[in-house]
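K.L.:
Have a look at the structure that comes next, please.
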Amino acid sequence: MAEVARVWPDPLDGDELTLQTRFLDFLRATAVRKVTGLTREQAAATPLPSSPRTSALGVLKHLTAVERWWLVIEAGGAAEPSRWAGSPDPSWDLTPEDDVAGVIAAYRAEWDRAAAALAGLAPEERTRRSGDFTVRWVLAHVVQETARHVGHLDALRELADGSVGE
């Protein structure tokens, strides 16, 4: 599995979407690093008593669903299937086929879909699916959602094998 480049955004980047996208790329790479090197058993473990569905693989599957819905479908207007179908949110659920490499590959493939969906859009434009949001709002939402879940991955990784840090 190829390593994901993790680059801190340049503090002098002036373009809003470039800066937000670079922060998202940094967070994506951090999320992948938190899961890379775990066994399937470690990555599928749900050690948080108050969140019995939360596993490292589940977090990545959920982040894949977040990007699909908000960036690809809502912002870009693509006719892709949502990964959120039902309640409770099934994007957290693991199948026996889910392994570390496969879940990471699916997450990384969604980044390419998201980039294609956002290509040519300006921050102030309305989203192409509903028009209820600006591209600016959607991208900011995905950045905060990813950052929040990277925090979960910090705790899950530490509980899995004691690793700490970014």
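Numbering follows this note's numbering, with no gaps: position 143 of the sequence shown is 154. Even glycine gets a Cβ: it sits at the ideal position worked out from N, Cα and C.
1) Are there 16 or more other CB atoms within 10 angstroms of the CB of V83, so buried, or fewer, so exposed?
2) Looking at the structure shown, is T145 part of a helix, part of a strand, or coil, going by DSSP?
3) Compute the Euclidean distance between the alpha carbons of G97 and L23, then round it to the nearest angstrom.
4) Name the two residues that bound the continuous alpha helix (DSSP H) containing D36.
5) Which partner residues does R137 have in the DSSP bridge list?
6) From the DSSP output, in three-state form, read off E14 for me.
7) Let's see if you can read the secondary structure: which residues bound the alpha helix (DSSP H) around T75?
P.N.:
Let me spell this out:
1) buried
2) strand
3) 42 Å
4) E27 to V46
5) T145
6) coil
7) A67 to V77
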